[in-house]
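The structure under discussion appears below in the form of structure tokens.
Protein chains: 2
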Amino acid sequence: MSNILVVGSVALDSVKTPFGERKEVLGGSATFFSVAASHFAPVALVAVVGEDFPKKHIELLKNKKIDLAGLEVAKGETFRWSGEYSFDFNNRTTIFTHLNVFADFKPKVPQSYQNKDILFLANIDPQLQLDVLRQVNKPKLIACDTMNLWIEVKPKILKDLLKHVDIFFLNEPEARQLTGKSNLVKAAEDILKMGPSRVIIKKGEHGALMFSRNSVFCVPAFLLETVVDPTGAGDTFAGGMIGYLAKCGKVNETNLRRAIVYGSVMATFAVEAFSLGKLAKVTKADINARLTQFERFTCF
Amino acid sequence: MSNILVVGSVALDSVKTPFGERKEVLGGSATFFSVAASHFAPVALVAVVGEDFPKKHIELLKNKKIDLAGLEVAKGETFRWSGEYSFDFNNRTTIFTHLNVFADFKPKVPQSYQNKDILFLANIDPQLQLDVLRQVNKPKLIACDTMNLWIEVKPKILKDLLKHVDIFFLNEPEARQLTGKSNLVKAAEDILKMGPSRVIIKKGEHGALMFSRNSVFCVPAFLLETVVDPTGAGDTFAGGMIGYLAKCGKVNETNLRRAIVYGSVMATFAVEAFSLGKLAKVTKADINARLTQFERFTCF
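Just so you know, the sequences run in chain order A and Y.
The number in the working numbering is simply the position in the first sequence, starting from 1, with 127 added.
The number in the working numbering is simply the position in the second sequence, starting from 1, with 127 added.
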């Protein structure tokens, strides 16, 4: 089994969806990622919170055996994000983003984290992602996520970063934005030329695609009767996927495909409740039951 | 092996896509359906064309061994449709619809067609679909397609029809429109209550879903590097699916799932060229090769 280092955001989210509203609940890319991954392998986290960050959230992460030596508590307030989803979840509007302590965040990788097998750079400024890379001994596997903002404002730095990345996660519109290609096969070919040996294009409720130079894998999303809050679904997907890969120890096509399926399964738990309401309570039996359902839904 | 009766449109299409433009090429729901289905089982067609309908198109259908005893040649001009696709194929604008001989079409099922095993009612006015049902001895399997227009203007007649239908095809927005439910699981549950034992929700480039009262099947679409013209993809999908089912003879979950995969495979040939440019030339070997690719793309 390999171990994982994740760098990203830990936040307090205020979310409004057709199913209700929650204020100041636990969120952040590194949070969803690490809780999902913790079901499969040891996870160490680098992030920053403010002095106002509730102790109960720290307890939740500790209970998941997530190593918090790299969780910095800085003077000031925790990063806050607020968003609202349309009735069919197809549109998300950001109400506010208060960076707070995140504005001056300079990730510091503790000495004890420097020889991790897998590094996951959750969605933060690509300059910070590069800074983290420079602080660690070369991991066996480097994966990263990004967002439309960085493709728009820091494309050059993002492309510098991609030269070092093995697995790159982005969503469908981001893949088109980064390459200027509307066809996803062509977009993926372009991205593979930027460095990664694998590109994973997330399509939300329509599933995911994984491309390498000589293979393509398409998987539908698990069909859910109730989606309560999609916040964190992409990070949870990455957490389940990288977590399972870490558990396998070895990265090959078979393990990567299974890993994507595990990622899809974990993402279903993220969206069935606000915040980590369900994800944090999931058991091995829940994961296995849903995996079996997933296999039943897709086999032919 | 079962045989198939299809009732629908045979048309002359004028289409503009990012890859070019074609005027007055062979189109129509029954055309795409029957050519796709003809690879698997005998097909008999009921439709109408005008006196201007090119002989070469008749020859093409005859070469596919499609029974044309039910193809009426009426006084006047053939049904014409013209549409344009946006650069990413996500939007289609209808430029014109000239019903011509189709305006007064009353499908007449020839005596020789009255004992077909499978009836496919391609997308036409649900009143005409009902009229056809009354003209045949009860087939073992009745499948039908529809469109947003009929859901809007003839919902009652469509629902009357659905009481007699076993397999109902519609696309994602139509499923939401028909039921008022944005969640597809809930929409499918509502549609199953209207009569069909199977609902197939087509999601275009995102694949398809099949629901029954106690099962769900999700399949991604085959990933293509080049999409030239999506016109007819849905009808070709249905043709491949129903054709394969006819070949199996028996309708069960396993055959239905394989049938959907064959439908997806056939649809790829429809979209790779204008009109039936590729679909009409496809060989058994082409189909099998793409099926193998499809299995490789999706297995985990």
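Glycine included, every Cβ here is placed at the ideal spot set by N, Cα and C.
Legend entry - Cβ of residue 334 of chain Y within 8 Å of any chain A Cβ: yes
Legend entry - Contacting residues, own chain, Cβ-Cβ under 7 Å from residue 242 of chain Y (five flanking each side not counted): 264
Legend entry - Opposing strand residues paired with residue 270 of chain A [DSSP bridges]: A:247, A:294
Legend entry - alpha helix (DSSP H) segment containing residue 162 of chain Y, residue limits: 156-164
Legend entry - Same chain only: Cβ atoms within 7 Å of residue 215 of chain A, ignoring 5 sequence neighbours per side: The beta carbon of residue 215 of chain A lies closer than 7 Å to none in the same chain, with the five residues before and after it left out.
Inset, instruction - Would you mind sorting residue 306 of chain Y into buried or exposed? The rule is 16 or more other CB atoms within 10 Å of its CB. - result: buried
Legend entry - C-beta neighbour in chain A for residue 425 of chain Y, strict 8 Å: Judged by the 8 Å Cβ criterion, residue 425 of chain Y is in contact with chain A.
Inset, instruction - Taking C-beta pairs closer than 7 Å, name the residues in chain Y that residue 377 of chain A reaches, listed in chain order. - result: None at all; the shortest Cβ gap to chain Y is about 16 Å.
Inset, instruction - In the DSSP assignment, find the unbroken beta strand (DSSP E) run with residue 140 of chain A in it and report its ends. - result: 138-144
Inset, instruction - Determine the burial state of residue 392 of chain A: buried for a count of at least 16 other Cβ atoms within 10 Å of its Cβ, exposed for fewer. - result: buried
Inset, instruction - State the Cα-Cα distance for the pair residue 223 of chain Y and residue 412 of chain A, rounded to the nearest angstrom. - result: A direct Cα-Cα distance of roughly 56 Å separates residue 223 of chain Y from residue 412 of chain A.
Inset, instruction - Using beta-carbon positions only, say whether residue 300 of chain Y and residue 273 of chain Y come within less than 8 Å of one another. - result: Against a cut-off of 8 Å, the Cβ pair of residue 273 of chain Y and residue 300 of chain Y comes out as no contact.
Inset, instruction - Mark residue 173 of chain A as exposed unless 16 or more other C-beta atoms lie within 10 angstroms of its C-beta, in which case mark it buried. - result: Buried, since its Cβ has 16 or more Cβ neighbours within 10 Å.
Inset, instruction - For residue 280 of chain Y, count neighbouring Cβ atoms within 10 angstroms of its own Cβ and tell me buried if that reaches 16, exposed if not. - result: exposed
Inset, instruction - Could you check which residue in A:236, A:368, A:298 has the C-alpha nearest to that of residue 257 of chain A? - result: A:236
Inset, instruction - May I ask you to report which of helix, strand or coil DSSP gives residue 182 of chain A? - result: helix
Legend entry - Unbroken alpha helix (DSSP H) run spanning residue 337 of chain A, endpoints: Careful: residue 337 of chain A lies outside any alpha helix (DSSP H), inside the beta strand (DSSP E) at 335-339.
Inset, instruction - Assess, as a yes-or-no matter, whether the region 402-409 of chain A is touched by the region 140-147 of chain Y under the definition of 3 or more beta carbon pairs within less than 8 Å. - result: no
Legend entry - Partners in chain A for residue 258 of chain Y, counting only beta-carbon separations shorter than 7 Å: Residues of chain A passing the Cβ test: none, with the nearest at roughly 35 Å.
Inset, instruction - For residue 344 of chain Y, collect the residues of the same chain with a Cβ closer than 6 Å to its Cβ; drop the 5 residues on either side in sequence, then sort them by chain order. - result: Taking C-beta separations shorter than 6 Å and ignoring five residues to either side along the sequence, the partners of residue 344 of chain Y in its chain run 337, 384, following chain order.
Inset, instruction - Report, in whole angstroms, the separation of the C-beta atoms of residue 150 of chain A and residue 178 of chain A, which I expect to be a contact under 8 Å. - result: Rounded, the Cβ-Cβ distance is 19 Å, inconsistent with contact.
Inset, instruction - Classify residue 375 of chain Y as helix, strand or coil using the three-state DSSP reduction. - result: helix
Legend entry - Minimum Cβ-Cβ distance from residue 392 of chain A to chain Y less than 8 Å: no
Legend entry - Residue(s) in a DSSP beta bridge with residue 220 of chain Y: Answer by DSSP bridge pairing, in chain order: Y:211.
Inset, instruction - Measure the C-alpha to C-alpha separation of residue 162 of chain A and residue 417 of chain Y and round it to an integer number of angstroms. - result: 40 Å
Inset, instruction - Measure the alpha-carbon distance for residue 195 of chain Y versus residue 275 of chain Y and round it to whole angstroms. - result: 29 Å
Legend entry - Per DSSP, cross-strand counterpart(s) of residue 344 of chain A: A:337
Legend entry - Same chain only: Cβ atoms within 8 Å of residue 266 of chain A, ignoring 5 sequence neighbours per side: Result list for residue 266 of chain A: 132, 243, 244, 245, 246, in chain order.
Inset, instruction - Give a yes or no on whether the minimum CB-CB distance between residue 352 of chain Y and chain A is below 8 Å. - result: Output row for residue 352 of chain Y: interface = yes.
Legend entry - Member of A:238, A:396, A:211 whose CA lies at the smallest distance from the CA of residue 262 of chain A: A:238
Inset, instruction - Between the Cα of residue 326 of chain A and those of A:217, A:409, A:289, spot the shortest distance and give me the residue it belongs to. - result: A:289
Legend entry - Cβ shell of residue 425 of chain Y (< 7 Å), same chain only, five flanking positions each side left out: If we look at residue 425 of chain Y and ignore the five residues flanking it on each side, its Cβ neighbours are 347.
Legend entry - Proximal residues of chain Y, C-beta to C-beta of residue 214 of chain A below 7 Å: 309
Inset, instruction - Could you tell me the distance, in whole angstroms, from the CA atom of residue 217 of chain Y to the CA atom of residue 211 of chain Y? - result: In a straight line, the C-alpha of residue 217 of chain Y is about 11 Å away from that of residue 211 of chain Y.
Legend entry - Interface partners of residue 312 of chain Y on chain A, CB under 8 Å: 350, 351, 352
Inset, instruction - Using 10 angstroms around the beta-carbon of residue 148 of chain A, count the other beta-carbons present and answer buried if the total reaches 16, otherwise exposed. - result: exposed
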